[in-house]
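Down below is the structure, laid out as structure tokens.
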Amino acid sequence: MSQQRPNFLIIVADDLGFSDTSPYGSEIHTPALEALARDGIRMTNFHTAPACSPTRSMLFSGTDNHIAGLGCMWEHMQKHKDYFKDKPGYEGYLNHRIAALPEILSDHDYLTILSGKWHLGLTKEYAPCSRGFKKNFTFLPGSGNHFAYEPQLDSGEVFFPALCTDGHWMEGDRFLDHRKDLPDDFFSTRSFTDKLLGFLEERSEFEKKQPFFACLTFTAPHWPLQASKARREKYAGKYDEGPDVLTKQRIQRLVELGLVSEDSVIPPPSGKWLPPTWDELSAEEQKRSARTMEIFAAMVDEIDENVGRVTDYLSSTGELDNTLILFMSDNGAEGAALEALPLMGRPGTMANVIEKYYDNSTENLGNKDSFIWYGPRWASAGTAPSRGLKSSTLEGGIRCPCIIRYPPLKAQPGSISKSFTTVMDILPTFLELAQVQHPGTSYRGREVAPLRGRSWVSHLSSTKPDDVSVHGEDTHIHGWELFGQRAIRQGKWKAVWLTYFTEKEGWQLYNVDDDPGELNDLAARYPDILGRLVDFWDHRFISSSLEFLAAALATPSDPTFAYVKEKINTVI
1 MSQQRPNFLI
11 IVADDLGFSD
21 TSPYGSEIHT
31 PALEALARDG
41 IRMTNFHTAP
51 ACSPTRSMLF
61 SGTDNHIAGL
71 GCMWEHMQKH
81 KDYFKDKPGY
91 EGYLNHRIAA
101 LPEILSDHDY
111 LTILSGKWHL
121 GLTKEYAPCS
131 RGFKKNFTFL
141 PGSGNHFAYE
151 PQLDSGEVFF
161 PALCTDGHWM
171 EGDRFLDHRK
181 DLPDDFFSTR
191 SFTDKLLGFL
201 EERSEFEKKQ
211 PFFACLTFTA
221 PHWPLQASKA
231 RREKYAGKYD
241 EGPDVLTKQR
251 IQRLVELGLV
261 SEDSVIPPPS
271 GKWLPPTWDE
281 LSAEEQKRSA
291 RTMEIFAAMV
301 DEIDENVGRV
311 TDYLSSTGEL
321 DNTLILFMSD
331 NGAEGAALEA
341 LPLMGRPGTM
351 ANVIEKYYDN
361 STENLGNKDS
371 FIWYGPRWAS
381 AGTAPSRGLK
391 SSTLEGGIRC
401 PCIIRYPPLK
411 AQPGSISKSF
421 TTVMDILPTF
431 LELAQVQHPG
441 TSYRGREVAP
451 LRGRSWVSHL
461 SSTKPDDVSV
471 HGEDTHIHGW
481 ELFGQRAIRQ
491 GKWKAVWLTY
501 FTEKEGWQLY
511 NVDDDPGELN
521 DLAARYPDIL
531 GRLVDFWDHR
541 FISSSLEFLA
551 AALATPSDPT
561 FAYVKEKINT
571 VI
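For the sequence shown, position 256 (counting from the first letter as 1) is numbered 256 according to UniProt numbering, and the numbering increases by one without interruption.
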């Protein structure tokens, strides 16, 4: 392996499902990602947290989100401020009990750059400029209009006053006014890429001699689903057969690519409250539903084009082969719009805000003044071959695409890794390649958490990656929790507790090697295995000072519960 320290480029898509790109079986045109996969390694057993900000906290900390400050999402903690107040690990921002990856690399002469979504703190104190990024162009909240059209923010009709400010955007340590400081032709995916390329092109002679650590963190294809008319038209008619047919097609391609087994079972759509089936929709409803998926595909298409712009630039400067490029999603596909509540109004008024400011007629879908998402049936196609969506601890919520290209690793081009890995592993992997030691339990005079992730270097350097596991397939135990949804996994065995996404109560047990869709509950057949996992879950929570967060769940007495149920039953 080269002794020259590598550059690092992390590209994060937002709410992109496992099978939403062509290297993972999608029909969506993503040639730039195909090129990365052809020259690099695709991971099929890569896991994140069930939602955005928890994953990002794990990425930058190398440890569990409950330790790094995002034990629950900030938007949801605001509903229960008294409950979460002063609870370590639930600050709602990337806390200072961890040493952040950009901080560590900056200390060791890396030029650190971020362009895109942050979602790890809304104030300057917790913004990228305060957590190690020397250059940044940042969207601070969790979601926003891709054309920067936000009339409800200017009017003050938002749930959380902290969001009704001009403080959504930053460049360096300066807040931007979205009304005058953003380009007139702003579109999130293209504009984030423009800024990243600008930062790289404008490096001083001194900075060009430094290795760089860059993050390009898209807000696409997160709702609201929006794209240019020309790009939408590219996918016109592509989804007229509906989501169930799409799921079958994607699983077949996954089998052909060698990413899933030939006996993979098509999982049913996920969600406690599902909209009508395709056959139950009228012709006009089918047209409208298919249009939402066309827009989603166009957004993924645009991500790929901009990934290609970056790789073309790196090739032109001679930096491509010394840059480790990692492309990933932050969680599984999303079938609802729960995070829209803080941006769109109080529970019960979101529909009013959309009606007041947005035109969701079928002809206007995808434009800047439309606000839509595509619903759980299309999202379930995006998580094939798994069951479950974003926010769930089923595989569909946490098993995500991850592609790595870095020729000095000497891995066989086009390799497929099936070993269990997590987003927490990225920090120790990068540090090993950068020849940098993690500070351990003390950093800049404060106590910090040790790493939970493990380096992939030996695994990825092998000509047969699966012969060199990262975590010890049969011994390592890993857990997840968000909104009370729980999961604990050891090797092929995984126990899940899903009170919110299913009518079924209690712990369930799955063999995820044989049953990746988590369809065959083996709890009654193997009570000893389930008991061992549950015992470890209880021990993990005690030893980590974590709590089961009943207050984080929407319950039937919570107006959000009825609102969400109503919206998910609506054909968007």
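Note that the Cβ used here is the ideal one computed from N, Cα and C, for glycine as well.
Coarse secondary structure for residue i, derived from DSSP in three states
{"i": "residue 255", "result": "helix"}
{"i": "residue 400", "result": "coil"}
{"i": "residue 10", "result": "strand"}
{"i": "residue 432", "result": "helix"}
{"i": "residue 460", "result": "helix"}
{"i": "residue 289", "result": "helix"}
{"i": "residue 174", "result": "strand"}
{"i": "residue 194", "result": "helix"}
{"i": "residue 471", "result": "coil"}
{"i": "residue 373", "result": "coil"}
{"i": "residue 310", "result": "helix"}
{"i": "residue 531", "result": "helix"}
{"i": "residue 295", "result": "helix"}
{"i": "residue 249", "result": "helix"}
{"i": "residue 353", "result": "helix"}
{"i": "residue 411", "result": "coil"}
{"i": "residue 465", "result": "helix"}
{"i": "residue 145", "result": "coil"}
{"i": "residue 269", "result": "coil"}
{"i": "residue 438", "result": "coil"}
{"i": "residue 130", "result": "helix"}
{"i": "residue 184", "result": "coil"}
{"i": "residue 427", "result": "helix"}
{"i": "residue 391", "result": "coil"}
{"i": "residue 238", "result": "coil"}
{"i": "residue 514", "result": "coil"}
Boundaries of the beta strand (DSSP E) in which residue i is found, first to last residue
{"i": "residue 136", "result": "135 to 139"}
{"i": "residue 170", "result": "169 to 171"}
{"i": "residue 494", "result": "493 to 497"}
{"i": "residue 417", "result": "415 to 417"}
Exposure of residue i, with buried meaning 16 or more beta-carbon neighbours within 10 Å
{"i": "residue 236", "result": "exposed"}
{"i": "residue 307", "result": "buried"}
{"i": "residue 390", "result": "buried"}
{"i": "residue 311", "result": "buried"}
{"i": "residue 76", "result": "buried"}
{"i": "residue 174", "result": "exposed"}
{"i": "residue 268", "result": "exposed"}
{"i": "residue 542", "result": "Low confidence applies here, because residue 542 scores a pLDDT of 49, under 50, leaving its location unreliable and the question unanswered by this model."}
{"i": "residue 15", "result": "buried"}
{"i": "residue 88", "result": "exposed"}
{"i": "residue 195", "result": "buried"}
{"i": "residue 395", "result": "buried"}
{"i": "residue 33", "result": "buried"}
{"i": "residue 200", "result": "buried"}
{"i": "residue 283", "result": "exposed"}
{"i": "residue 362", "result": "exposed"}
{"i": "residue 261", "result": "exposed"}
{"i": "residue 525", "result": "exposed"}
{"i": "residue 516", "result": "buried"}
{"i": "residue 380", "result": "buried"}
DSSP bridge partner residues for residue i (one or two, in chain order)
{"i": "residue 446", "result": "443"}
{"i": "residue 405", "result": "325"}
{"i": "residue 478", "result": "489"}
{"i": "residue 422", "result": "47"}
{"i": "residue 115", "result": "137 and 216"}
{"i": "residue 179", "result": "For residue 179, which the question treats as bridged, DSSP gives no partner whatsoever."}
{"i": "residue 507", "result": "497"}
Distance cut-off 7 Å: residue i Cβ against heavy atoms of the ligand SAM
{"i": "residue 285", "result": "Annotation note on the ligand SAM: not contained in the displayed structure, which lists no ligands."}
Opening and closing residue of the alpha helix (DSSP H) in which residue i lies
{"i": "residue 202", "result": "Element bounds for residue 202: n/a, residue is neither H nor E."}
{"i": "residue 578", "result": "Residue 578 lies beyond the stretch modelled for the chain, which goes from 1 to 572, so this question has no answer here."}
{"i": "residue 154", "result": "151 to 155"}
{"i": "residue 382", "result": "376 to 382"}
{"i": "residue 224", "result": "Note, residue 224: premise wrong, no alpha helix (DSSP H); not H, not E."}
{"i": "residue 104", "result": "101 to 107"}
Legend entry - Continuous beta strand (DSSP E) assignments of at least 3 residues falling wholly in the stretch 18 to 90: Entirely contained in the stretch 18 to 90, the beta strand (DSSP E) runs reaching 3 residues are, in chain order, 41 to 43.
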